[in-house]
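From first to last, the protein sequence lines stand for chains A and B.
With positions in the first sequence counted from 1, the corresponding number in the numbering used here is that position plus 5.
With positions in the second sequence counted from 1, the corresponding number in the numbering used here is that position plus 5.
Note that the Cβ used here is the ideal one computed from N, Cα and C, for glycine as well.
Have a look at the structure below, then the notes.
Protein chains: 2
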Amino acid sequence: MIKKRKSLEEYKAGILEGNRAVLAQAITLVESNLSADSDLASALVQVILPYTGNSIRIGITGVPGVGKSTFIEAFGRILLDQGKKVAVLAVDPSSQKTGGSILGDKTRMEKLAADRRAFIRPSPSGKTLGGVSSKTRESMLICEAAGFDVILVETVGVGQSETAVKGMVDFFLLLMLAGAGDELQGIKKGIMEMADGILINKADGDNIPAAKRAKNHYQNALHLFPPSESGWYPSVTIGSSLTGEGLNDCWKKISEYQNHMMERGLWNENRFKQRLNWLDESIQSILGKAFLEHPEIQKRLPEGKEAVKKGTLNPIAFAKELTGLFFKK
Amino acid sequence: MIKKRKSLEEYKAGILEGNRAVLAQAITLVESNLSADSDLASALVQVILPYTGNSIRIGITGVPGVGKSTFIEAFGRILLDQGKKVAVLAVDPSSQKTGGSILGDKTRMEKLAADRRAFIRPSPSGKTLGGVSSKTRESMLICEAAGFDVILVETVGVGQSETAVKGMVDFFLLLMLAGAGDELQGIKKGIMEMADGILINKADGDNIPAAKRAKNHYQNALHLFPPSESGWYPSVTIGSSLTGEGLNDCWKKISEYQNHMMERGLWNENRFKQRLNWLDESIQSILGKAFLEHPEIQKRLPEGKEAVKKGTLNPIAFAKELTGLFFKK
C-alpha cells in the first residue's frame, strides 16, 4: 500500500511550525517499512537535526500493573502546568502480538491527549525491537524539532525494551509498587541497576506506610551497590498518580540529576555515546540482516546452529565457514 | 616469527593423555594470531569437542586488592584435596599495557602451580577483549579435554572483562571486602547483578565482625533486587584465604547452585545459550573486522563519526551510506 507523502520541505516546515498533523505524518513516515519512505525519512531527520537536542528525554519503565500510563498522564499534566510542552512516545516490542496497547494508551491518557501542548504517539506496530528503537529515536528527534521540551518514552514491554530505551534517554525512571518482594518478579535482573531514579507508585490512602517503608528499603539497598560512573545514586521517591502527591518531587530529582550531570560535563557526553552507539547498532543491524538473508547462509545456518548448541561443532570454526560463504561472491 | 607446530593428531593425543607440556603448547597455538595457527587451532578444538563439557566452570572477579590470586590459590588447594583436577585461566584485557600480571600470578600461586593436578595459565598477552575471550573459551575446552574437573577463570581487568567471563562460565563469583561502601568504588555498575555468589574475602582476625556485618547487609540487599530467571538468589559467604575458613562453604554454595540449575534443566540451557552467543559474537567480530578494514570505510568513517557524535549527521543515514560502500564492490 503506497501512501501519498509530502515533500521533504513540506515536512520540515510543518514540523518546525509545530503543526501537529504534519508531526504525526512525519512519525508515520519514519515508522514506515517501505524503502522509498525510509530514504525520505533519513533525509528528513537529517534536515531537522539542527533543531534537535533541546528536550529532556525521560524513559519510564515498570511491570504491567504498576500504573505507567496513569503516571504519565498525571506527571505530564504537572509539566504542562509548568509551561512545558510534553511528548509521549511508546516502545512496545510486543504490540504486534497483543495489539491492545494503542487503544489502552489513548483511553488512559485522554486528558493529556486533549491538551494542545501535549502530543501522544502510541507504539509503532511491531517489527523487530532494534527497528522499533531506531524509529523511536527518530520520532524523538522530530518531536524535539517541533518544540517539545520533555519527551517521555514509555516501555510497554516486559524486560525486552529497557536496554533500548536506556540507550536513548537522559534519565531512566523505574516505577515500582510497595510490597514485600512479589512486585519484583516481573522485573528483569539488571533493570534496577539501569535506573537513575525509582518512584514507588500508588502511594495513596492505606498504601502510604508501605510505600514509605519500600522507599527506605530501596534507598538503603541502593547504597550497598556500586554508584554509576557519574557518582549519581538513584533517587527513590514515593508518588501517587491519583492524588498527584510526590510527582513534583520526582521532577525535582530529575532536575537535580540534570544539574549533577551538566556540572560534570556528563550530560552531553552521555548523548555523544548514545549517538555513536546508535550508529554502531545501525551498521550491525544492516550487516546482520544482509548476512541472514544471504541464500548460502540460510541454507547452512539452521543445521550448524543446532550442532553448535549441542556442542558438536566449534563455534569459531563455523563462524569462519559462514563468513567465508558470505564474502565469497 | 614462525614456531614449529605439532600435527593435529599429536596435539589431540597429548591433550587426551593429560600431557601438561602438550596442553600448554595447544593453548599457545589457540592464543596465536598467525592465520595458519588459527586454522589448526579451530580444527584442534573441533576434534577435542567430544571430550569437553565435563567440568564446572567458575568465573572469579573483584577489584584489584580484593585478593583474587590468593583466594584462587587457597580455593584451588581445597579442590585438589577433594581429589579434583583444577585449571586456572586468566582473562586480562589490560595485560598488553602492564605486562605485570603474568609474573604476579606465578609468584602468588606458586603452591598451586607446583601441584601436578593443577594447571595455571597466565593471561594471553593483550589483543582485543573479544579475541581474548574467544581464546579463553577455546583454552577452557582444551583443559576439559585434558581431564580437568574445575576451571577457574580469573578476570584481572577492572570492569571490562566481566561480561565476557560471565558469558563463558557456569558460576560467577564476586569477591568483595568488608567496609562501608568504599570497596564499591572500583566495581562497575551491573557487576553485582551478574554474580551467582558473593564472597566477602579477608574475613580473618579483626576483620571477622566487619565481614559478618557486610554479609548480612548484602544478603538483605540482594533480596530487595529481582532474582535471576532461574529463581536463584546469589549466596553471600565470608571467607579467608589466609585461614581457609569459609572456603568449603563457598564450594558448597557452588554445588547447591549446580543442583538448583540441573534440577530445572537450566545448567545445560545456559551452556546452549553460551555456545550460540559465542557463535554470534564470532560472526559479528569477523564481519565487523572486515567492515572496519575496508578502505572506503576507513576513508569515510572518522569524519562522519565525529559529525554523528556532535549531532550534525543522522546515524541511520550514515549507516546506510557506509554499508552501501561496503557492499558495492
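Next on the checklist: What would DSSP say about LEU28 (chain B), mapped onto helix, strand or coil?
Outcome noted: For this step, residue 28 (chain B) is matched to residue 23 along the second sequence. The three-state secondary structure of LEU28 (chain B), taken from DSSP, is helix.
Item to check | Proximal residues, the stretch 55 to 67 of chain A versus chain E, C-beta separation under 9 Å | outcome: The structure shown contains no chain E; its protein chains are A and B.
Checklist entry - Taking the continuous beta strand (DSSP E) assigned at ALA92 (chain A), which residues delimit it? => result For the purposes of this step, residue 92 (chain A) is taken as the residue at position 87 of the first sequence. For ALA92 (chain A), the enclosing beta strand (DSSP E) starts and ends at 91 to 96.
Item to check | Identified DSSP bridge partners for ILE53 (chain A) | outcome: Position 48 of the first sequence, counting from 1, holds the residue named residue 53 (chain A). DSSP lists no partner for ILE53 (chain A).
Checklist entry - Would GLN224 (chain A) count as contacting chain B if we go by Cβ distances under 7 Å? => result As a working note, residue 224 (chain A) is residue 219 in the first sequence. Answer no: the Cβ-Cβ gap between GLN224 (chain A) and chain B never drops below 7 Å.
Checklist entry - In or out: LEU182 (chain B) buried (at least 16 other Cβ within 10 Å) or exposed? => result Counting from 1 along the second sequence, the entry for residue 182 (chain B) is found at position 177. When all chains shown are included, LEU182 (chain B) counts as buried.
Item to check | Neighbour flag for ILE172 (chain B) against chain A, beta carbons, 7 Å | outcome: Mapped onto the second sequence, residue 172 (chain B) falls at position 167. Here residue 172 (chain B) is Gly; the residue named in the question, Ile, does not match the sequence. Contact of GLY172 (chain B) with chain A is not assigned, every C-beta pair being separated by 7 Å or more.
Checklist entry - Could you check where the beta strand (DSSP E) with THR242 (chain B) kicks off and where it finishes? => result Here the question's residue 242 (chain B) lines up with position 237 in the second sequence. 240 to 243 is the extent of the beta strand (DSSP E) around THR242 (chain B).
Item to check | Residue environment, ARG142 (chain A), which counts as buried when at least 16 other CB atoms sit within 10 Å | outcome: Taking the first sequence and counting its residues from 1, the one referred to as residue 142 (chain A) is at position 137. The residue is buried, with at least 16 neighbouring Cβ atoms inside 10 Å.
Next on the checklist: Since GLU159 (chain B) and LEU117 (chain B) should fall inside the 8 Å C-beta cutoff, what is the C-beta to C-beta distance between them, to a whole number of angstroms?
Outcome noted: The sequence position of residue 159 (chain B) within the second sequence is 154, counting from 1. The sequence position of residue 117 (chain B) within the second sequence is 112, counting from 1. With a Cβ gap of about 12 Å, GLU159 (chain B) and LEU117 (chain B) do not count as contacting.
Checklist entry - Beta carbon of LEU271 (chain A), beta carbon of GLU301 (chain A): below 7 Å? => result Taking the first sequence and counting its residues from 1, the one referred to as residue 271 (chain A) is at position 266. Taking the first sequence and counting its residues from 1, the one referred to as residue 301 (chain A) is at position 296. Using a Cβ distance threshold of 7 Å, LEU271 (chain A) and GLU301 (chain A) do not count as a contacting pair.
Next on the checklist: On the DSSP letters alone, give me the boundaries of the alpha helix (DSSP H) that LEU39 (chain A) sits inside.
Outcome noted: Taking the first sequence and counting its residues from 1, one reaches residue 39 (chain A) at position 34. Segment: none, LEU39 (chain A) is in no alpha helix (DSSP H) and carries neither H nor E.
Checklist entry - Using the beta-carbon count (16 or more within 10 Å), is GLU335 (chain A) buried or exposed? => result Lying before the first or after the last residue shown, residue 335 (chain A) is absent from chain A, which here runs from 6 to 334.
Checklist entry - What in chain B is Cβ-close to GLU143 (chain A), meaning under 9 Å? => result Position 138 of the first sequence, counting from 1, holds the residue named residue 143 (chain A). At a C-beta separation below 9 Å, GLU143 (chain A) has these neighbours in chain B: ASN319 and ILE321.
Item to check | Top-ranked residue by Cα proximity to GLY64 (chain A), from A:PHE177, A:GLU14 and A:THR242 | outcome: Start at 1 with the first residue of the first sequence, and residue 64 (chain A) comes out as number 59. Of A:PHE177, A:GLU14 and A:THR242, the residue nearest in Cα terms is A:PHE177.
Next on the checklist: In the DSSP output, which residue or residues are listed as bridge partners for PHE176 (chain A)?
Outcome noted: Within the first sequence, the letter at position 171 stands for residue 176 (chain A). In the DSSP assignment, PHE176 (chain A) forms a beta bridge with A:ILE63.
Next on the checklist: With a threshold of 7 Å on Cβ separation, who are the neighbours of LYS217 (chain B) within its own chain once the five nearest residues in sequence on each side are excluded?
Outcome noted: Stepping through the second sequence from its first residue, residue 217 (chain B) is reached at position 212. Excluding sequence neighbours, LYS217 (chain B) sits near ILE243.
Next on the checklist: Would you say SER106 (chain B) lies against chain A (beta-carbon separation less than 7 Å)?
Outcome noted: The count along the second sequence starts at 1 and reaches residue 106 (chain B) at position 101. Interpretation of SER106 (chain B) is limited by its pLDDT of 46, a score under 50 that renders its predicted location unreliable; no figure is taken from the coordinates.
Checklist entry - Since MET181 (chain A) sits in a beta bridge, which residues does DSSP pair it with? => result What you label residue 181 (chain A) is simply residue 176 of the first sequence in a count that begins at 1. Assignment of beta-bridge partners to MET181 (chain A) by DSSP yields A:ILE205.
Checklist entry - Which term fits LEU108 (chain A), buried or exposed, when burial requires 16 or more other beta carbons within 10 angstroms of its beta carbon? => result As a first step, residue 108 (chain A) is located in the first sequence; it is residue number 103 there, counting from the start. In this predicted model, LEU108 (chain A) has a pLDDT of only 44, less than 50, meaning its place in the structure is not dependable; the value taken from the coordinates is given anyway. With a threshold of 16 other beta carbon atoms within 10 Å, LEU108 (chain A) falls short and is exposed.
Checklist entry - From THR248 (chain B) to ALA208 (chain B), what does the alpha carbon distance come to, in whole angstroms? => result By 1-based counting over the second sequence, the position of residue 248 (chain B) is 243. By 1-based counting over the second sequence, the position of residue 208 (chain B) is 203. Taking the straight line joining both Cα atoms gives about 9 Å.
Checklist entry - For SER47 (chain B), which residues in chain A fall below 7 Å Cβ to Cβ? => result Reading the second sequence from its first residue, position 42 is the one you call residue 47 (chain B). Near SER47 (chain B) (Cβ distances below 7 Å), the residues of chain A are ASN319, ILE321, ALA322 and LYS325.
Checklist entry - Can you tell which of B:PHE76, B:ASN319, B:ALA95 and B:ALA150 has its C-alpha closest to the C-alpha of ASN253 (chain B)? => result Taking the second sequence and counting its residues from 1, one reaches residue 253 (chain B) at position 248. Considering only B:PHE76, B:ASN319, B:ALA95 and B:ALA150, the residue with the shortest C-alpha distance to ASN253 (chain B) is B:PHE76.
Checklist entry - Counting contacts by CB-CB distance shorter than 7 Å, is LYS140 (chain B) in contact with chain A? => result The count along the second sequence starts at 1 and reaches residue 140 (chain B) at position 135. Not closer than 7 Å to any Cβ of chain A, the Cβ of LYS140 (chain B) fails to qualify, so no.
Item to check | Same chain, Cβ closer than 6 Å to VAL241 (chain B), five either side skipped, listed in chain order | outcome: Position 236 of the second sequence, counting from 1, holds the residue named residue 241 (chain B). Closer than 6 Å at the Cβ level, and outside the excluded window around VAL241 (chain B), lie ILE203, LYS220, TYR223 and GLN224.
Checklist entry - What three-state label does DSSP hand PHE230 (chain B) in the structure shown? => result Here residue 230 (chain B) is taken as the residue at index 225 of the second sequence, counted from 1. Of the three classes helix, strand and coil, the one that applies to PHE230 (chain B) here is coil, per DSSP.
Item to check | Cβ-Cβ separation, ALA169 (chain B) to PRO127 (chain B) (assumed contact under 8 Å), whole Å | outcome: Here residue 127 (chain B) corresponds to residue number 122 of the second sequence, with the count starting at 1. Here residue 169 (chain B) corresponds to residue number 164 of the second sequence, with the count starting at 1. Not really, about 17 Å apart at Cβ, beyond 8 Å.
Item to check | Contacting positions in the stretch 293 to 310 of chain B - beta carbon closer than 8 Å to chain A | outcome: Only GLY293, ALA295, PHE296 and LYS310 from the stretch 293 to 310 of chain B bring a Cβ to less than 8 Å from some Cβ of chain A.
Next on the checklist: Using 7 Å as the threshold, is the C-beta distance between LEU292 (chain A) and LEU327 (chain B) below it?
Outcome noted: Taking the first residue of the first sequence as 1, we reach residue 292 (chain A) at position 287. Taking the first residue of the second sequence as 1, we reach residue 327 (chain B) at position 322. No. Outside cutoff.
Next on the checklist: Tell me the DSSP secondary structure of ALA295 (chain B) in three-state form.
Outcome noted: Taking the first residue of the second sequence as 1, we reach residue 295 (chain B) at position 290. When DSSP states are grouped into helix, strand and coil, ALA295 (chain B) belongs to the helix group.
Checklist entry - Excluding the five sequence neighbours on either side, which residues of its own chain have a C-beta within less than 6 Å of the C-beta of GLY19 (chain B), listed in chain order? => result As a position in the second sequence, residue 19 (chain B) is number 14, starting the count at 1. The beta carbon of GLY19 (chain B) is closer than 6 Å to those of VAL27 in its chain, skipping five residues each way along the sequence.
Checklist entry - In the structure shown, what three-state DSSP assignment does VAL155 (chain A) receive? => result As a position in the first sequence, residue 155 (chain A) is number 150, starting the count at 1. In the three-state DSSP reduction, VAL155 (chain A) falls in the strand class (E or B).
Item to check | Three-state secondary structure (DSSP) of THR317 (chain A) | outcome: Mapped onto the first sequence, residue 317 (chain A) falls at position 312. Correct three-state label for THR317 (chain A): coil.
Checklist entry - To the nearest whole angstrom, what separates the beta carbons of VAL50 (chain A) and ILE321 (chain B), a pair I think is in contact under 8 Å? => result The sequence position of residue 50 (chain A) within the first sequence is 45, counting from 1. The sequence position of residue 321 (chain B) within the second sequence is 316, counting from 1. Going by Cβ atoms, the distance from VAL50 (chain A) to ILE321 (chain B) rounds to 7 Å, so yes, they are a contact pair.
Next on the checklist: For GLY70 (chain B) and LEU179 (chain B), what's the separation of their Cα atoms in angstroms?
Outcome noted: Position 65 of the second sequence, counting from 1, holds the residue named residue 70 (chain B). Position 174 of the second sequence, counting from 1, holds the residue named residue 179 (chain B). Straight-line Cα distance between these residues: approximately 13 Å.
Item to check | Beta-carbon proximity check, GLY172 (chain B) vs GLY316 (chain A), cutoff 7 Å | outcome: Residue 172 (chain B) sits at position 167 when you count from the first residue of the second sequence. Residue 316 (chain A) sits at position 311 when you count from the first residue of the first sequence. Contact flag unset, no.
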